[in-house]
Structures are given as structure tokens and as C-alpha cells.
Amino acid sequence: MGNLIVGGAVSAGVCNLSSQVSWLSVSGPMTGSKGANLLENKCRSNSWIDIPLKGAASLIGFCPAPEAFLSLKQQSTVDAALQAKYVKAQAVRKQYATKTMCGVSSWGLNTVYAPVMFVVAQMAQYASSQNDGMVEYSSCNVGLSGFSSDPTSSGNYVARINHADATFRNGDGWWGSDRKPVKWLECAL
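So for the sequence shown, my numbering puts the first residue at -15; every next one is plus one.
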């Protein structure tokens, strides 16, 4: 979400980025997320099957869907004005982001968050299995290239982690160089 906020702010002239800024783009939904569309649909639903999910989401402040999340709906599902803002934010991120990390496993590092991210990915019906539970890889990497699964060899890192793992709260995975978000961050700094 922060990637779109910064990209949008710079493209709208609200602020500028100097050449001294290091922008680490982490799991950015640069073309939006079907997860936001899912949240909107479930919060509006009156189907008996959605009532428990809607109730749980209401308890934690996600229903009705907050405007912040509604602004993250999949780019192809929003009006032309918002689509244009997505494109401008993507261009800013492409110009200024120094390093990027994208997750491609909704299960991720086998933590307490794994089942939730996995279920969200299944319910959102992403076009690709390469997603972090909230953001598809194609949304995170749009406009960028040079991704590597080695956290030490490239500025752009593709990792078998989920969206929660990308917050660095779960540390690194025990096996595989493509499961090391903290290592990537250490090398990025």
C-alpha cells in the first residue's frame, strides 16, 4: 500500500524524492489486488455463507471495507481515472525504487499467518499461483526486471514468502535462499 501512496504522491506533485532517497519496494500492489475486491464483495454480501466471515471482518474493522482498501482494488476493475493514477504511480516506482522484493507463495514461511494468507489467495482467485496471499507477483513486479531468488545477488528479489512474511516479523526461512526476507533487507541496506 505504501508503494502506491508514495508513487501517487510524487506523481500528483504532493512531494518529491531526491536522488539521496533509497526506496525499498516491498510487496507493492502496483496494479491493485483482487484481495481488496474480495473484501468489498464479502462485506457487501448478505449470503448466509458469507455472514460468519463478514462478522469476523466487522469485529476487526474491515467491514464495511475501509476506503484505504477499496483504493487498492485490481486495476482492471476500477474506473479510468483511478487506472490512470495506478499507471502514474507505477512509473514513479519504476524511476525511483532502488530495490524490490516480491513474494510468490501464499503459504510462505509456515507461520501462524500462513493458513490465513493461503485461504485469502484461494478465495481471491488470483490469475496466477505466484502471489503472496494479497498481491500477485505480476502486480508487484510490474515495470521492473532483473529479479533473482538469491537475496544477496540482486536488488530485485523474488521470494517464496507471503504478504505477512514480507513485514519481516517472521524472520528468515530455515531452508532455501528464496525464503530469506531479512537477509535481503540486510543486504539492501
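Beta carbons are placed, not taken as given, at the ideal position from N, Cα and C, and that holds for glycine.
In whole angstroms, give me the CA-to-CA distance for residue 71 and residue 10. 18 Å
Would you list the residues sitting across from residue 70 in a DSSP beta bridge? In DSSP, residue 70 forms no bridge with anything.
How should residue 120 be labelled, buried or exposed, when 16 other C-beta atoms within 10 angstroms of its C-beta is the threshold for buried? buried
Is it buried or exposed for residue 30, if we count other Cβ within 10 angstroms and need 16 for buried? exposed
First through last residue of the beta strand (DSSP E) which encompasses residue 9: 7 to 10
How many angstroms separate the CA atom of residue 116 from the CA atom of residue 89? 5 Å
Extent of the continuous beta strand (DSSP E) run through residue 141: 140 to 143
Along the chain, where does the beta strand (DSSP E) that runs through residue 85 open and close? 81 to 87
Neighbourhood of residue 118 by C-beta distance below 6 Å, restricted to the same chain and skipping five residues each side: 17, 19 and 147
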